[in-house]
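Down below is the structure, laid out as structure tokens.
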Amino acid sequence: MAHNPPTLLSLPEELMANICNHLSTQSLGKFCQVSRKANRIASEVLYTFRGQPNGSPEYLARSLDDTLERAAPAGEAVMLRLLERSMNTLRLSERRTLAALLYSAEHGYPNAVQALLDAGVSPDADVYVEREETRTVTAVKTAWEGQHDNIVNMLVRHGANMSSYDFQWTHNLLSRTTPQEAAEMIDAGLGIAQVDQDGNTLLHLMNSSVPMLQLLVSKGLDVNVTNYDVETPIYKAIHPLPFSAVGQEWALDDDDEIPAPRQSELDAIRFFLGNGANVNAPCDGNLFPIHVACLHGSPEVMRLLLESGANVNSVGTVTGETVMFQLSIRDDESPDILRMLLDAGLDFCIHEPSTEAFLTRAIEEKWTASLTMLFYDHTEQIEKLTCDETLFQAAAVLGDISIMRNMVLGGVINPNADSFFASIVHACHRGNLEAVKFLVNEAGLFYRDVPDADGFTPIHAAIVVGENSTEIVHFLLERIPFNNLSREGTLGVVTALDDAVLFQDLSLVRLLIQRLEEVPRTRVRLQDDLSSALTCAVRSQQAEKVEFLVSEMQRLAITVTTRHAPLFWAITGTDCNLDIAQTLLDANMSIDHAPENETITPLIMALDEEYVDIASQLISEKNASLDATTSDGRTALMFAADKGYADLVCQMLSRPVDVNATNPDNSNLTALDYAVEAGHTYIAALLLEAGATFHPLLLQIAAAQDDPEILALFFQPENANANSLTKQALQSALYAAARAGNAANVRLLLDHGASTTTLYAHHPDERVDIPLHGAVQSGDIPTVQALLSTGGARGFLNEVSNGQTPLMLAASQPNGAGMVEFLISRGVDVNVSVGLGWTALWHAVEHSVPDSARVLVRHGARMDWVGRGDGDGDGDEENIVVWDPLLHEAVRKGDAEVVGVLVAGGADVLQRNGDGITALELCEGVLERDEVIAALYSRHLASCS
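In case it helps, this note's numbering puts the sequence shown at residues 43 to 987.
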């Protein structure tokens, strides 16, 4: 019969008050709203410290601390009412007044903080706490961490002494205040003259607010103060990001861009300049503000500095570098800044190394806007420079034949110099045909088909750029041999022919191949060049070029070199193109080739990607190797057996193949193991017929499968031993079938003599798991019935295995109530215990299974006491901490429904455990204590008080 417990309001007031005394503050707050009676009773508990006035001080203190901790998160109204009732008691202990102040500050209760301050509580009280480290906590810090800035200001106005706060806390406090509030903190002793670990002052770090800067300067801070790196505040305002002087790189991620300055930063720079900062003095011990602005890359900052009189020709006091060097190490080109500097009178000849560094970077990055500005708008200065090699390369990037001609006529060009040779590569990169013709024809550059620092030959550079490529390549090929050198590209190391395949049309690819045939070279080299090009065509999925390259290799009677694997790439992942794969198959190209540093052949890849038709062609028509393995030892036959490709397995078995090859990286599994584990009966039969070796582990694997036919294979014709065990299969096949809940396989094994009794492994002392226990764990009653149909299994109904009987195992399962009922119907003893009194009912309690607990209680399960050990021993009594009634265990688990089952079954809610504690008292540490308490009082006990 269903049990309907009374509500709290239906209980006697004395009992109701007893229950309320154990409820959380949040629950009491809700209970107060039920009725006037509930509000009166709950309020007496909530707002009055427990114990009588003559009680011990320690008890009163614990009650007070506990009530403060509970009231704090319940809302400001609850905290205020608590303070109203208990302020006098609070003031008896400085520690507790601090606790009240900290709780109120932490939760953002301004009225509660005000009440404590009005009562005379000091705003400066502090306490040491240990978390990650020992530190001092004050109400000001607590309020700031909770982002309750109004409470911080309230504490300051009530006289909080701010002199003890270090630089970090000073910076924290000022970062969220108005200048007026900051002034109050400073007047209260906040130390603004401190520095951080790098010597930075507040002026260095607080440049986002001009009013705050004005306040700090008015309080005595110097705008020209330097940190330990000799950096001034204006340096930090111009350069707000960390910078690596050694690596000359911004401390940003690769994809980040230098951000434009905020208006607040511009205002801060303007403030510093207007309050004594010298725009023409070093701001980091070497560089001037204008240098730093070039690094930051902000035209707005540069304009502000120039308007303030910055000298564009300042040189570093230590390095002697000019702004040109700073521009050379920027992340990107900034022609706007360069134009401002030039318009303001920049003389880029005063330190030629700085200018040469900029020109070199501009040549490398093809900064044509900046080069154009320098060469055409400031020719007179350019003509004064003596770095002829760099200037000639810059002219090549610009494609300015006139400048290059004048330099040639002036006799400054050495056609044999590497630096001059690089100019033709630059011209090819730009796709400037006329410049290329000039350099080769008029300038008389000695042309060499060798790469530059980035791996580009002139022909290679022209191919990659694309513009005028065909004309430039034709022009160059008429004058020099083509060696097809390589560079590092997106697909790894690529040759000029590879890049032509990737970026140019078929006509240029054809031309390059013709020239390769004309150049004296070994057949192996030509074979490798064409193999690489074919692989690039496949990976870029250019079917027309694939067909052309295949035909060319056939014309030249060339095969793909072993280090290239175009067929592999044609059937791999996102590069897959089955039409291209078919083209390669028809031409017998790279049938067994794996990529470099790989062992996966096209056949294995086709099987893994499930391209059955391609795999079939490779096996039956192309005679692909069946001996190849992956890096972890799997063969093609294992892949096919695992995926269930019966036709492919048949094709492989029609060829010489090792059916017993093992996978050493996965327990030496064979193809038969894969087939059995995947449940492919027909394939397993094929492999057995082909001579695959049987081993006992296969019985266990097959027994756990849903299909009994695969298990039956091993009993015909070999008639395998159903009780076979190996070192790899210490569980019997019968146990595996039982544990999987497979009644059909259990019956099949029993028919072939499988033993339901205890078996032994290779080591006599090591028992094999009992099938009946496995079947119970599976939760499948028909499987248990199949085992119990034999007399041997019935003898294990009360047997303990691994510390549990079948009934205990069933009681532990979340949905095991049906199995519990079934086992009881077969005569198991519900009160068998092991260890420290652990019964099936204890297991139901321990695993929070109320349905199983209900069945067991109904069938007479006793609620005996159980022992709890300290976890360090083996369960002996000397390791026991305490003996508990079973109800106490249920309360500890916090499962109210299980508690209700035990109480309904007669458990004594007033019984004390070995420590003298009742179940009700244990609720204090339970998260779900309200529900558990309600379950404990679900039966009306007149004796409760």
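For glycine and all other residues, C-beta sits at the position ideal for the given N, C-alpha and C. Remember, predicted model here, so these are calculated numbers, not experimental data.
Cβ pair residue i, residue j closer than 9 Å
{"i": "Ala976", "j": "Ala938", "result": "yes"}
{"i": "Ile308", "j": "Ser350", "result": "Looking at the sequence provided, one finds Leu at residue 308 rather than Ile. No, they are not a contact pair."}
{"i": "Gly35", "j": "Val899", "result": "Residue 35 lies beyond the range of the chain shown here (43 to 987); nothing can be said about it."}
{"i": "Ala892", "j": "Gly833", "result": "Position check: residue 892 holds Pro in this sequence, whereas Ala was assumed. Going by C-beta atoms, Pro892 is not nearer than 9 Å to Gly833."}
{"i": "Ala775", "j": "Leu755", "result": "no"}
{"i": "Ala780", "j": "Ala817", "result": "yes"}
{"i": "Val872", "j": "Ala903", "result": "yes"}
{"i": "Ile633", "j": "Lys664", "result": "yes"}
{"i": "Val4", "j": "Gln368", "result": "Because residue 4 is not part of the residues shown, which for the chain are 43 to 987, the question remains open."}
{"i": "Ala181", "j": "Val155", "result": "yes"}
{"i": "His815", "j": "Pro848", "result": "yes"}
Of the listed residues the options, nearest to residue i (C-alpha basis)
{"i": "Gly117", "options": "Leu440, Gly150, Arg581 and Glu126", "result": "Gly150"}
{"i": "Leu711", "options": "Gly675, Ser696 and Ala319", "result": "Gly675"}
{"i": "Val602", "options": "Ala629, Asp496, Ile392 and Pro750", "result": "Ala629"}
{"i": "Val989", "options": "Tyr979, Val357, Asp957 and Ala903", "result": "In the structure as shown, the chain begins at 43 and stops at 987. Residue 989 is therefore absent and cannot be evaluated."}
{"i": "Asn525", "options": "Pro341, Ala147 and Ala538", "result": "Ala538"}
{"i": "Glu1027", "options": "Ile600, Ser164 and Pro152", "result": "In the structure as shown, the chain begins at 43 and stops at 987. Residue 1027 is therefore absent and cannot be evaluated."}
{"i": "Arg521", "options": "Asn483, Asn355 and Val592", "result": "Asn483"}
{"i": "Leu384", "options": "Thr397, Phe681 and Val179", "result": "Thr397"}
{"i": "Pro608", "options": "Cys325, Ala623, Leu554 and Cys470", "result": "Ala623"}
{"i": "Leu714", "options": "Leu729, Asn705, Asn708 and Asp707", "result": "Leu729"}
Residue i to residue j span [Cα, whole Å]
{"i": "Val467", "j": "Leu258", "result": "58 Å"}
{"i": "Asp160", "j": "Val120", "result": "18 Å"}
{"i": "Gln290", "j": "Glu530", "result": "Here Gln290 scores only 36 on pLDDT, less than 50, and its place in the model is too uncertain to base an answer on."}
{"i": "Leu527", "j": "Val272", "result": "51 Å"}
{"i": "Leu724", "j": "Leu753", "result": "As written in the sequence, residue 724 is Tyr, which differs from the Leu given in the question. Approximately 12 Å between the Cα atoms of the pair."}
{"i": "Leu576", "j": "Glu640", "result": "19 Å"}
{"i": "Asn192", "j": "His213", "result": "17 Å"}
{"i": "Leu143", "j": "Leu110", "result": "10 Å"}
{"i": "Ile276", "j": "Gly327", "result": "13 Å"}
{"i": "Ser412", "j": "Gly241", "result": "39 Å"}
{"i": "Leu649", "j": "Ala746", "result": "26 Å"}
{"i": "Val31", "j": "Gln569", "result": "The requested residue 31 does not occur in the structure, where the chain is confined to residues 43 to 987."}
{"i": "Ile355", "j": "Val343", "result": "Correcting the residue identity first, residue 355 is Asn in this sequence and not Ile. Distance between the alpha carbons of Asn355 and Val343 is about 17 Å."}
{"i": "Phe590", "j": "Met631", "result": "13 Å"}
{"i": "Lys426", "j": "Glu394", "result": "10 Å"}
{"i": "Ser286", "j": "Cys336", "result": "Its pLDDT being 33, under 50, Ser286 is placed unreliably in this model, and the value from its coordinates should be taken loosely. Rounded to whole angstroms, Ser286 to Cys336 spans 15 Å at the Cα level."}
Residue i (DSSP reduced to helix, strand or coil)
{"i": "Leu711", "result": "strand"}
{"i": "Asn705", "result": "strand"}
{"i": "Glu663", "result": "coil"}
{"i": "Glu640", "result": "coil"}
{"i": "Thr139", "result": "helix"}
{"i": "Leu843", "result": "Checking the sequence shown, residue 843 turns out to be Ser, not Leu. Reduced to three states, the DSSP call for Ser843 is strand."}
{"i": "Val870", "result": "coil"}
{"i": "Ser528", "result": "strand"}
{"i": "Thr364", "result": "coil"}
{"i": "Asp972", "result": "helix"}
{"i": "Glu960", "result": "Per the sequence shown, the amino acid found at residue 960 is Thr instead of Glu. In this structure, Thr960 counts as strand in the three-state DSSP scheme."}
{"i": "Arg954", "result": "strand"}
{"i": "Asp926", "result": "strand"}
{"i": "Thr789", "result": "Going by the sequence as given, residue 789 is Arg instead of Thr. In the structure shown, Arg789 sits in a helix (DSSP, three-state: H, G or I)."}
{"i": "Gly351", "result": "coil"}
{"i": "Val536", "result": "strand"}
{"i": "Trp880", "result": "strand"}
{"i": "Ser98", "result": "Low per-residue confidence applies at Ser98: pLDDT is 36, beneath 50, and the placement is therefore not dependable, though the value from the model is reported in the following sentence. In the structure shown, Ser98 sits in coil (DSSP, three-state: anything other than H, G, I, E or B)."}
{"i": "Gly441", "result": "coil"}
Burial state of residue i (16 or more Cβ within 10 Å)
{"i": "Val561", "result": "exposed"}
{"i": "Arg581", "result": "buried"}
{"i": "Val826", "result": "buried"}
{"i": "Pro253", "result": "exposed"}
{"i": "Gly992", "result": "Outside the displayed span of the chain (43 to 987) sits residue 992, for which this structure offers no information."}
{"i": "Ser251", "result": "buried"}
{"i": "Glu888", "result": "buried"}
{"i": "Pro644", "result": "buried"}
{"i": "His722", "result": "buried"}
{"i": "Asp571", "result": "buried"}
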